[in-house]
Amino acid sequence: GEVITGASVRQGAVTADGEGEIVAGIAMMLKGENSRTVVGRVKERVEQVKKTLPNGVELIPFYDRTELVDRTIWTVAKNLIEGAILVIIVLILLLGNWRGSLLVATIIPLSMLFAAILMRVFNVSGNLMSLGALDFGLIVDGAVVMVENAVRRRAKAQHQGKKETPEQTILEACIEVGRPVVFAVAIIIIVYLPILSLTGIEGKMFKPMALTVVFALLGSLILSLTYVPAAMSFILRGHVAEKESFVIRYAKKWYRPALAFIMRSRAQAVAVATALVLISFALFPLLGSEFIPRLDEGALAVQVQQLPSVSLSQSIRTVTEVEKALKTFPEVTKVVSKTGRAEVATDPMSIDFSDLYIELKPVSEWTSAHTKTELVEKMSKALEERVPNASCSFSQPIELRVAELISGVRSDVAIKLYGDDLDTLNETAEQISRVVSQVRGAEDVKAEATTGLPQLQIKPDRAAIARYGINVEDVNDLVESVVAGKDAGQIYEGEQRFNLVVRLNEDAGKNIESIKNLLLTSPTGVVVPLGQIAEFKLIDASAQISREDTRRRIGVELNVRGRDIGSFVAEAQTAIEKDVKLPPGYYLKWGGQFENLERATSRLMIVVPIALFLIF
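In my numbering, the protein residues as written are 5 to 620.
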């Protein structure tokens with residue numbers, strides 16, 4: 005034999021833009037850290053590393069979460085600013101007192117500051133979910149009532165010639181409406197209590213939204229009861245007149261006759277209101293339902309699945325063809341594919357699976373499609389024509405990981421079939437796939453590939469082994485040294501560590517006959533070919549066997565497009581019950597986002613009535 009420096013068996017590869025293999029790395033963020041801060045530090049370190057690279061080697065980041073984070077923060081900030089401006093304009097138009105309107109407007113930044121302080125105390129980060137739910141109309145409600153009543157009381161006192169100081173008038177006005185303001189804000193806070201009761205992933209996602217709104221409402225309530233009365237004592241000095249704005253005067257022209265008509269027809273008015281309430285309840289079941297809203301990430305993620313028997317080289321060739329097909333779209337700027345698993349398997353996959361990241365241009369620069377849905381449809385059709393031997397499903401980078409994190413599957417919906425016999429599981433799963441694919445909205449339907457992996461089975465003949473005095477362990481060691489190599493220790497060179505592997509040369513395992521001709525020496529010195537003491541059989545084995553809740557299971561995964569998940573699952577369940585007959589002892593569970601939606605809905609069905617009871 006000989007001792008050489010060789011390569012370990014490859015379990016994966018990274019390719020890009022249809023131009024071949026590259027080397028890729030991932031910067032992992034510690035739990036609880038701020039992604040924007042961490043990515044900024046990583047960029048600084050990348051610039052330092054670039055200076056140490058040899059000529060011809062480039063380090064190019066291809067996925068940067070800060071772009072999405074910055075875009076999201078800008079969207080939230082823009083919406084908050086626009087909302088604040090609109091609220092201020094409406095206040096000036098409706099209150100009729102510009103000084104009082106500006107006083108009410110100051111509640112917005114002060115309440116935001118109060119909420120930010122409590123968010124810091126309770127470790128609630130500012131993001132699309134937490135800040136996007138803020139409603140400035142709710143925040144200024146209490147202050148509007150306080151200011152409007154104080155202006156009315158002050159103007160009335162002056163008109164009647166009462167010798168009251170501004171402080172006395174404002175104090176009486178605030179006491180008069182103080183309790184209603186507290187009750188009004190408390191009712192709004194109670195409305196958000198059901199969200200605070202959520203647990204699991206839905207609680208982690210939606211609790212920050214409810215907490216931020218509650219913090220802002222508490223701040224506005226405290227400011228309305230303290231800061232607003234104190235500030236009014238300064239701005240409501242001198243002559244105060246209660247003026248109606250032209251908006252209020254115009255509204256009264258319509259409201260007075262409408263109110264008079266309603267008062268003359270009270271029974272009819274109550275009947276109409278009751279009918280509208282009943283209609284709203286009747287329409288509620290027709291509303292769609294989804295677990296989380298879809299965020300446009302500005303990128304796409306594609307999962308490519310091939311036959312379990314595919315080799316790494318063939319898998320790379322197929323994925324390269326997929327990349328070339330995607331690069332023909334002018335909207336695509338970069339495509340990076342990960343096939344199999346990395347050396348440090350943080351995201352392990354078999355070599356028949358590939359994850360593709362597709363970087364897109366801004367929507368304003370798109371030419372072949374106007375929406376992402378249209379672009380995905382065209383890409384999917386192009387891949388079906390160019391790479392028919394691969395199954396491709398589309399998602400978004402973060403959406404894909406979140407789906408896998410919360411449910412263990414990389415799709416919107418998973419149908420999990422439990423049973424004992426693998427063949428029965430496969431047959432039933434294929435039947436379910438055919439039925440579900442006919443339901444409107446079903447896309448990227450595929451059953452888990454659990455079969456189709458060719459396997460060479462070498463079964464030692466124990467009687468023959470015993471005759472020659474050879475151990476089964478010797479047979480296993482020989483086969484292992486041919487197939488994968490047998491670990492014999494480790495070698496250290498400075499700070500680097502390498503595995504020492506004993507492996508027969510490549511010619512020894514290039515086919516079944518060469519493996520049969522491998523020689524073993526018995527303790528008595530007799531040389532025996534492996535084919536004489538073992539049975540060789542080429543079988544179609546299982547590619548994977550999944551278990552959950554101590555039962556074997558197989559999954560059917562799919563994405564939903566063009567409709568909500570709730571109504572889709574309801575229709576799919578009906579279709580499966582009608583057209584698929586489950587064998588005795590076999591049962592289904594629905595997973596993916598629907599599983600979390602169902603859990604959250606069942607909890608809200610209990611908590612929401614309690615909240616309504618507290619309100620009334």
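A virtual CB, placed ideally from N, CA and C, is assigned to each residue, including glycine. Note that this is a predicted model, so its numbers are computed, not measured.
Tell me, which residues are paired with residue i by DSSP?
| i | result |
| --- | --- |
| G493 | L504 |
| V339 | I362 |
| F398 | V306 |
| K420 | G559 and K593 |
| L457 | A545 |
| K450 | E561 |
| S550 | R557 |
| I26 | V18 |
| L524 | V532 |
| F357 | Q309 |
| G344 | G16 |
Can you give me the C-alpha to C-alpha distance between residue i and residue j, rounded to a whole angstrom?
| i | j | result |
| --- | --- | --- |
| F620 | F288 | 21 Å |
| V326 | T19 | 11 Å |
| Q459 | G207 | 45 Å |
| I469 | V476 | 7 Å |
| F572 | A579 | 11 Å |
| A305 | L63 | 22 Å |
| Q309 | M123 | 43 Å |
| F66 | G141 | 42 Å |
| D481 | K490 | 7 Å |
| H374 | A394 | 27 Å |
| Q597 | V612 | 21 Å |
| R321 | S341 | 12 Å |
| R268 | P261 | 11 Å |
| L225 | S201 | 23 Å |
| E176 | R156 | 12 Å |
| A255 | T76 | 38 Å |
| V276 | R103 | 41 Å |
| G570 | G223 | 37 Å |
| V483 | I519 | 8 Å |
| K541 | V391 | 32 Å |
| A346 | P352 | 7 Å |
| L421 | L601 | 20 Å |
Looking at residue i: is its Cβ nearer than 8 Å to the Cβ of residue j?
| i | j | result |
| --- | --- | --- |
| V42 | M33 | yes |
| I419 | Y472 | no |
| V560 | I436 | yes |
| L98 | V251 | yes |
| I1 | I112 | The structure shown has nothing for residue 1, since the chain only spans 5 to 620. |
| I362 | V336 | yes |
| T216 | L290 | no |
| P198 | L618 | no |
| V80 | L135 | yes |
| L426 | I543 | no |
| A635 | M236 | Since the displayed the chain opens at 5 and closes at 620, residue 635 lies outside it and no answer follows. |
| A147 | S228 | yes |
| R444 | R567 | yes |
| G2 | I355 | As displayed, the chain neither begins before 5 nor continues past 620, which places residue 2 out of reach and without an answer. |
| T432 | Y591 | no |
| P464 | A303 | no |
| E447 | R565 | yes |
| A451 | E434 | yes |
| Q307 | R438 | no |
| V323 | P212 | no |
Any beta-carbon of chain C closer than 8 Å to the one on residue i?
| i | result |
| --- | --- |
| T322 | Structure shown: chain C not included; a single protein chain is present. |
Consult DSSP for residue i and reduce its assignment to one of helix, strand or coil.
| i | result |
| --- | --- |
| F66 | coil |
| P464 | strand |
| D568 | coil |
| A538 | strand |
| G136 | coil |
| G36 | coil |
| G44 | helix |
| G87 | helix |
| G146 | helix |
| T578 | helix |
| W258 | helix |
| E168 | coil |
| E51 | helix |
Mind reading off the beta-carbon distance from residue i to residue j? Whole number of angstroms is fine, and I expect it under 8 Å.
| i | j | result |
| --- | --- | --- |
| T343 | S313 | Their Cβ separation, rounded to whole angstroms, is 15 Å, which puts T343 and S313 out of contact at 8 Å. |
| L221 | I239 | The pair is not a contact, with the Cβ atoms about 24 Å apart (cut-off 8 Å). |
| A547 | G423 | That belief does not hold up - the Cβ atoms of A547 and G423 are roughly 17 Å apart, past 8 Å. |
| L562 | V487 | Not quite, the Cβ-Cβ distance comes to about 36 Å (not below 8 Å), so this is no contact. |
| L107 | V151 | 6 Å |
| L387 | C396 | 5 Å |
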